[in-house]
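Enquirer: Before I ask anything, here is the structure I am working with.
Residue numbers (our numbering), protein chains in the order written: chain Z, 1415 to 2310; chain E, 116 to 296.
Printed below as a string of structure tokens:
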């Protein structure tokens, strides 16, 4: 790149072609004030605060949109510049209210800062009144447009960063203002309350509603969002050991200054009055608050007794995809070394085990094969079985940005109309559970038309012949018959996908939670390998429901795999861990989560230890799970709240929230990111890692860690995937960036298409008619999924006052024609009945559901939708089918 | 009224067929839709946004920016209150307020029965007659709040006569506005 030298305030500085004067000035340490500029947005030169003078011509230009030219002589503080800047600020202030004393923006107001830098005190201009606050009922955002300076940052953030298109300018001249369609309140618009505009607003025009504290917070700590698997960096403002506000982490390479409503407003579950603050022990049927010693003594004596009487394998441990890597690592060590059993599993068994098995078999390691930036650069993006705007909003933003601004073509495969549908180049709506047939049909077309990446297939993969032979029957005609997608659309999709140089696949729980989940993942891997789109070009992106679903599996919180996906029956690996831990390890693979429940019911498992998980809600057939847990001799639960599961326990240990501990989360990309302690643990609660440590000690078998750092060091030493992670320097705020520079994700990336085992393996899979298809008497298919305003089973989000206020109760989405048939009107209470159970919910009639299909969110503890599901397991991963089932619909109260 | 959404969709659809799905066609499309329907209803904006693949909000933003676009259906009779310099001095705002009160609508609005729409105009060149209101094509000079009542009454009478005389031929006529002076 060509270097250009200019004179800046009398000093020679050089930059490269395409740089703006503002960028070069900031790089050279010269501060130019701005109001409408943000590195995440395209510059528009609207506010004119960044004017600079070119001394050669005396011309003034906005530095944020002026590219540097050789020979420029720029003065950023000339008398002319200062005069203009002062006038502009005075004009802005003349239409600004005198409410600075009570404004929440406080010291962070950029307008106030510039005015005070210039030294403007009194405004000697006629004041122009501005429109006042807009009345809105949403619990998140307050708009006070009297403070708006029309910098358009909120509008551009909405359109360029999160691509919702909820707000824009309306009217013109003095009347112009940012507003929603028909100038309605935000809750009646497309707004998703991601809070990106609030974070970017330079003044107090956009602020959080009902702030707990007005003004600038003394401490601000960056940490990782605890909800979905995206792993966004959030910056929490703290005062008096209370989190006051959350803002997106600007430097994060994951979220680039954006967040979603959960990240921006959902953190308040931390201060819920329902938080447990001391250990509880069941005495005569009731819980009593006890000391840690009492609780742990009781627990260890009971567990030791069961172990002695019935053997190690009568004990089981359930870890959590919401706990840190260190906690999961300790937990599996507790199970294997202290309890002596491989009966350890985590909740990602319920939704992403198919990824581990499917990708593991094809690619050689489990998880996404590239990073989010690469996804955004793709030419074609295939999104299948994932409602990204609800389940992984940050990935949704990236896909939408790619589709709207970067020319990417979106291939959407989803029976339901999600918000991505309007961005789709081609939208296929297959019948539920027929994904394998669809993907195989695409693969067959690619092979038959010779669209495959020959070089990649011959050099990097094997078993291609078997695949070709097996795909023969998936003709467009057959696929059309099975999936209901027109054959020519399948061919078009296949051609589009194959002809792109950079094509990516994004899939989520819509794939993995079916009984045939593993098959679907393998089919997707086949498709990616056929076209060479795996690794440096394009990739497969597996979404995770929880913040550390990836990490929990990486850490070996699984019955058959040691940390780093080493099989427990691999003698060499087992010996390596046994030597490190100084004890023998159990040899036989243990029971998976669901098998544990079955065995507990049969009386073979007698004691369970659950850390941060709520199986009564998250597992299928809650009544069976409840029965199983009730029949145990001893149940210990560590959780933040007295969840439905904790209520059944003998001992409940109070756990600290994400904001009260250190550790690391691994996001869906495989990026290991560090949590920072924001506040002190509430009451007597403790971080889970410390709880696990204390459990081991009280059982008479202490683990040799005196600090979390030692656990981190051991993970680095023992797990090859984590050797790149340098979390030794916990002071490095920008750990992800530092990591990227050191080429860290390498072990998880197929750079140059090199597979860990040398070859990617094609695994032919076949379409099996789904078990969850409509059957006699149950004519409708119910889809269950996550929604934007809640997370997982809702044990945290339902305790967040703002999220709960906005989305208080469960509903069932019904298509217009189905509702008409049963005679249901919008807002009516209905019964959803499956052969297994029934739940009540409020009907929400929409035009986005195809006929014969219903949708229910899974996140409402008061409406446990899993009651509708029986235990049908994926034969390979023992994952229960929790995505779809056959149901019928009835009015809750008969007519009349 | 139930027919209306259908008419809107049909009218909009007809216009859209003549344009390619390019963003820069937005303003010409809006102009054509207004020609076709007399105004740009919300449903039409949504249709256009969908067709061009842009957010609904962008269409709304453009519609509110240009004065030429109406967001309300035009009334059978248009009422334009002059607020030019002379009319302003002679109390044009009082006249405007009288119209608003009598019709029960705001500036830029249309009465629910679609009889009248109300708006302002900068100057119509009859400053000697200020304050002036232009009703359809008739210029009403020296309008006062009582005059406003008078004009409205004449239209009401005209309408009643028209509906009684239905079938006899001429049902729609312009009121002789000055007769009720």
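Note that beta-carbon positions come from the ideal geometry of N, C-alpha and C, so glycine has one too.
Whose C-alpha, out of Z:1832, Z:1932, Z:1908, Z:1991, is nearest the C-alpha of residue 1858 of chain Z?
Expert: Your numbering for residue 1858 of chain Z matches position 444 in the first chain. Measuring from the Cα of residue 1858 of chain Z, the nearest candidate turns out to be Z:1908.
Enquirer: Strictly under 8 Å for the Cβ-Cβ distance: is residue 180 of chain E near chain Z by that measure?
Expert: As a position in the second chain, residue 180 of chain E is number 65, starting the count at 1. Taking Cβ atoms only, chain Z reaches closer than 8 Å to residue 180 of chain E, which makes this a yes.
Enquirer: Shorter than 7 Å, the distance from the beta carbon of residue 1833 of chain Z to the closest heavy atom of the ligand ATP, or not?
Expert: The ligand ATP is not part of the structure shown, which contains no ligands of any sort.
Enquirer: So which residues of chain E does residue 1596 of chain Z contact, with C-beta pairs closer than 8 Å?
Expert: The residue you call residue 1596 of chain Z lines up with position 182 of the first chain. Those are 157, 175, listed as they occur along chain E.
Enquirer: Residues in the same chain with beta-carbon distance under 8 Å from residue 2218 of chain Z, minus the five sequence neighbours each way, listed in chain order, please.
Expert: Taking the first chain and counting its residues from 1, one reaches residue 2218 of chain Z at position 804. The answer, listed in chain order, is 2211, 2212.
Enquirer: Kindly indicate if chain E contains any beta-carbon less than 8 Å away from that of residue 1821 of chain Z.
Expert: Position 407 of the first chain, counted from the first residue, corresponds to residue 1821 of chain Z. No - not a single Cβ of chain E is within 8 Å of the one on residue 1821 of chain Z.
Enquirer: Tell me which residue opens and which closes the beta strand (DSSP E) that residue 1378 of chain Z is part of.
Expert: For chain Z, the structure presents residues 1415 to 2310; residue 1378 of chain Z sits outside this window and is missing.
Enquirer: What are the residues that DSSP puts in a beta bridge with residue 197 of chain E?
Expert: Translated into the one-based positions of the second chain, residue 197 of chain E becomes position 82. Bridge partners of residue 197 of chain E: E:236.
Enquirer: Just grab the DSSP bridge partners of residue 2087 of chain Z for me.
Expert: Start at 1 with the first residue of the first chain, and residue 2087 of chain Z comes out as number 673. According to DSSP, which records beta bridges pairwise, residue 2087 of chain Z is partnered with Z:2079.
Enquirer: Alpha carbon to alpha carbon, how far is residue 2112 of chain Z from residue 2299 of chain Z? Give it in angstroms, no decimals.
Expert: As a position in the first chain, residue 2299 of chain Z is number 885, starting the count at 1. As a position in the first chain, residue 2112 of chain Z is number 698, starting the count at 1. Spanning the two alpha carbons is a distance of roughly 45 Å.
Enquirer: Could you tell me whether any Cβ in chain B is nearer than 8 Å to the Cβ of residue 251 of chain E?
Expert: Going by chain labels, chain B is absent from the structure shown, which instead holds the protein chains Z and E.
Enquirer: How big is the Cα-Cα spacing for residue 2116 of chain Z and residue 2086 of chain Z?
Expert: On the first chain, position 702 is the one that residue 2116 of chain Z refers to. On the first chain, position 672 is the one that residue 2086 of chain Z refers to. Each residue's Cα considered, the two are about 27 Å apart.
Enquirer: Taking all protein chains shown into account, decide if residue 1637 of chain Z is buried (16 or more other Cβ within 10 angstroms of its Cβ) or exposed.
Expert: What you label residue 1637 of chain Z is simply residue 223 of the first chain in a count that begins at 1. Burial call: buried.
Enquirer: Using the beta-carbon count (16 or more within 10 Å), is residue 1551 of chain Z buried or exposed?
Expert: Translated into positions along the first chain, residue 1551 of chain Z becomes position 137. Exposed, because fewer than 16 other Cβ atoms sit within 10 Å of the Cβ of residue 1551 of chain Z.
Enquirer: How long is the line joining the alpha carbons of residue 1512 of chain Z and residue 1624 of chain Z, rounded to whole angstroms?
Expert: Along the first chain, read from residue 1 onward, the residue named residue 1512 of chain Z stands at position 98. Along the first chain, read from residue 1 onward, the residue named residue 1624 of chain Z stands at position 210. The straight-line gap from Cα to Cα measures roughly 21 Å.
Enquirer: Given residue 1615 of chain Z, which residues of its chain have a CB within under 7 Å of its CB, disregarding the five upstream and five downstream residues?
Expert: Start at 1 with the first residue of the first chain, and residue 1615 of chain Z comes out as number 201. Contacts found: 1567, 1568.
Enquirer: Just the Cα atoms here: how many angstroms apart are residue 1811 of chain Z and residue 1834 of chain Z?
Expert: To locate residue 1811 of chain Z, count along the first chain from 1; it is residue 397. To locate residue 1834 of chain Z, count along the first chain from 1; it is residue 420. Those two C-alpha atoms are separated by around 10 Å.
Enquirer: Got a sec, what are the start and stop residues for the alpha helix (DSSP H) residue 1820 of chain Z sits in?
Expert: For the purposes of this step, residue 1820 of chain Z is identified with residue 406 of the first chain, where counting begins at 1. Neither: residue 1820 of chain Z is in no alpha helix (DSSP H) and is coded neither H nor E.
Enquirer: Might you give, ordered along the chain, the residues of its own chain that have their beta carbon closer than 8 Å to the beta carbon of residue 1503 of chain Z, omitting 5 neighbours on each side?
Expert: Position 89 of the first chain, counted from the first residue, corresponds to residue 1503 of chain Z. Hits under 8 Å: 1463, 1525, 1528, 1529, 1532, 1534.
Enquirer: Whose C-beta lies closer than 6 Å to the C-beta of residue 1677 of chain Z among residues of the same chain, with five residues either side of it excluded?
Expert: For the purposes of this step, residue 1677 of chain Z is taken as residue 263 along the first chain, with counting starting at 1. Correct list, in chain order: 1639, 1646, 1648.
Enquirer: For a contact meaning CB atoms closer than 7 Å, what does residue 2084 of chain Z contact in chain E?
Expert: Here the question's residue 2084 of chain Z lines up with position 670 in the first chain. Residues of chain E passing the Cβ test: none, with the nearest at roughly 34 Å.
Enquirer: What does residue 170 of chain E touch in chain Z if you count any residue whose Cβ is under 8 Å from its own?
Expert: The count along the second chain starts at 1 and reaches residue 170 of chain E at position 55. 1573, 1578, 1579, 1580, 1582, 1604, listed in chain order.
Enquirer: Could you check the C-alpha separation between residue 1910 of chain Z and residue 1794 of chain Z for me, to the nearest Å?
Expert: Position 496 of the first chain, counted from the start, is the residue given in the question as residue 1910 of chain Z. Position 380 of the first chain, counted from the start, is the residue given in the question as residue 1794 of chain Z. Their Cα atoms are separated by approximately 7 Å.
Enquirer: List the residues of chain E that residue 1586 of chain Z touches, going by C-beta distances under 9 Å, in chain order.
Expert: Here residue 1586 of chain Z is taken as the residue at index 172 of the first chain, counted from 1. The answer, in chain order, is 179, 180, 181, 182.
Enquirer: Which residue's Cα is closest to the Cα of residue 2289 of chain Z: Z:2182, Z:2188, Z:1870, Z:2002?
Expert: To locate residue 2289 of chain Z, count along the first chain from 1; it is residue 875. Comparing Cα positions, the closest option is Z:2182.
Enquirer: Considering only the beta carbon of each residue, do residue 1912 of chain Z and residue 1860 of chain Z sit closer than 8 Å?
Expert: On the first chain, residue 1912 of chain Z is found 498 positions in, with the first residue counted as 1. On the first chain, residue 1860 of chain Z is found 446 positions in, with the first residue counted as 1. Inclusion of residue 1912 of chain Z and residue 1860 of chain Z in the CB contact set at 8 Å is warranted, their separation being smaller than that value.
Enquirer: In three-state DSSP terms, what is residue 2099 of chain Z?
Expert: Looking up residue 2099 of chain Z in the first chain gives position 685. Coil.
Enquirer: Is the beta carbon of residue 1965 of chain Z closer than 8 Å to that of residue 1806 of chain Z?
Expert: Position 392 of the first chain, counting from 1, holds the residue named residue 1806 of chain Z. Position 551 of the first chain, counting from 1, holds the residue named residue 1965 of chain Z. Cβ atoms of residue 1806 of chain Z and residue 1965 of chain Z: not closer than 8 Å.
Enquirer: Rounding to the nearest angstrom, what Cα-Cα distance links residue 2041 of chain Z and residue 2099 of chain Z in this structure?
Expert: As a first step, residue 2041 of chain Z is located in the first chain; it is residue number 627 there, counting from the start. As a first step, residue 2099 of chain Z is located in the first chain; it is residue number 685 there, counting from the start. Going by the C-alpha atoms only, they are around 29 Å apart.
Enquirer: Is there contact here, the region 1932-1948 of chain Z with the region 1915-1922 of chain Z, by at least three beta-carbon pairs under 8 Å?
Expert: yes
Enquirer: Can you say whether residue 122 of chain E is buried or exposed, counting buried as having 16 or more other CB atoms within 10 angstroms of its CB?
Expert: Counting from one through the second chain, the residue named residue 122 of chain E turns up at place 7. When all chains shown are included, residue 122 of chain E counts as exposed.
Enquirer: Go to residue 1744 of chain Z, then tell me how far its alpha helix (DSSP H) extends in each direction, as first and last residue.
Expert: Looking up residue 1744 of chain Z in the first chain gives position 330. Segment 1739-1747, the alpha helix (DSSP H) holding residue 1744 of chain Z.
Enquirer: Suppose only complete runs of 3+ residues qualify. What are the beta strand (DSSP E) ranges in the region 1814-1868 of chain Z, listed by chain order?
Expert: Within the region 1814-1868 of chain Z, the complete beta strand (DSSP E) runs of at least 3 residues fall at 1823-1827, 1840-1842.
Enquirer: For residue 2005 of chain Z, collect the residues of the same chain with a Cβ closer than 7 Å to its Cβ; drop the 5 residues on either side in sequence, then sort them by chain order.
Expert: Locating residue 2005 of chain Z in the first chain gives position 591, where the first residue counts as 1. Taken in chain order, the residues that qualify are 1730, 1757, 1973, 2013.
Enquirer: What first and last residue would you give for the beta strand (DSSP E) that runs through residue 2053 of chain Z?
Expert: As a position in the first chain, residue 2053 of chain Z is number 639, starting the count at 1. First-last of the beta strand (DSSP E) with residue 2053 of chain Z: 2048-2053.
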